[in-house]
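Heads up, the thing below is written out as C-alpha cells.
Residue numbers (our numbering): 4 to 176.
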C-alpha cells in the first residue's frame, strides 16, 4: 500500500480523522449546550453535577468551580475538534502532493494552539472538578506534552521555510 495519493495510508488516516472529527463535533455541541444551560439555568447545572457525583439532588446554586468545570470541558472538546480538523486538512494537502504549502504552516500553528488549549483545560479541570466525580484527579505538568507543543511550532517554521524554498524552486527557470 502506498503512503500518499488515492487509496493510500494518508487517505485512510484522513477518513478516520474525519469520522472521529464528527464524533468530537457532537461532543463540542453537547458540552456547549451544557455550558449554556448551566449559565441560563443554574439549577440544571447543579443537578447534573450532583448526578455525576452520585449526590442527593437538591435545590442549590451552581458554584464557581462547577461553572469553571463546564467551561474547561467545553474548551477541551473544542480544542480537540480544532486539532483533528487541522490534521485532516493537512492530510488532504499531503494526498494532493502539496505538503509544503503556506496553508499547512497555519494549520500546524493551529494544532499547537489547540494542544495548548487542551493542556490549559486539563489544568483547570484538575483544580475545579467537584469532589465525588473523580476522586484521584491530580494535575502535574506534563513536560512531554509541552515539549511536543514546542516541536509542533518548530515544525510549523520548518514548513514555512519549505514552502518558501518550493516557491523559489518554482520561479527558477
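Built from N, CA and C at the ideal position, the CB exists for glycine as well.
Cβ shell of residue 112 (< 6 Å), same chain only, five flanking positions each side left out: Locating residue 112 in the chain shown gives position 109, counting from the first residue. Once the five neighbours on either side are set aside, the close Cβ partners of residue 112 are 159.
Going straight from the alpha carbon of residue 108 to that of residue 163, what length do you get? Looking up residue 108 in the chain shown gives position 105. Looking up residue 163 in the chain shown gives position 160. For residue 108 and residue 163, the distance between alpha carbons rounds to 6 Å.
Taking the straight line between their C-alpha atoms, what separation do you get for residue 121 and residue 87? Your numbering for residue 121 matches position 118 in the chain shown. Your numbering for residue 87 matches position 84 in the chain shown. Near 12 Å, if we compare the C-alpha coordinates of residue 87 and residue 121.
According to DSSP, simplified to helix, strand and coil, what is residue 41? Walking along the chain shown from the start, residue 41 turns up at place 38. Note: residue 41 maps to helix in three-state DSSP.
Sequence-distant residues of the same chain with beta carbon closer than 7 Å to residue 92, five excluded per side: In the chain shown, residue 92 corresponds to position 89, counting from 1. Cβ neighbours of residue 92 beyond the five flanking positions: 110.
Distance, Cα to Cα, residue 171 vs residue 81? The count along the chain shown starts at 1 and reaches residue 171 at position 168. The count along the chain shown starts at 1 and reaches residue 81 at position 78. Between residue 171 and residue 81, the C-alpha separation is close to 37 Å.
My output table needs one value for residue 102: the three-state DSSP class, helix, strand or coil. Start at 1 with the first residue of the chain shown, and residue 102 comes out as number 99. Of the three classes helix, strand and coil, the one that applies to residue 102 here is coil, per DSSP.
Short of 6 Å in beta carbon distance, which residues of its chain neighbour residue 77, apart from the five on each side in sequence? Order them along the chain. Residue 77 sits at position 74 when you count from the first residue of the chain shown. Answer for residue 77: 34, 35, 38, listed in chain order.
Limits of the alpha helix (DSSP H) - the one that residue 174 falls within: Taking the chain shown and counting its residues from 1, one reaches residue 174 at position 171. Here the alpha helix (DSSP H) through residue 174 covers 146-174.
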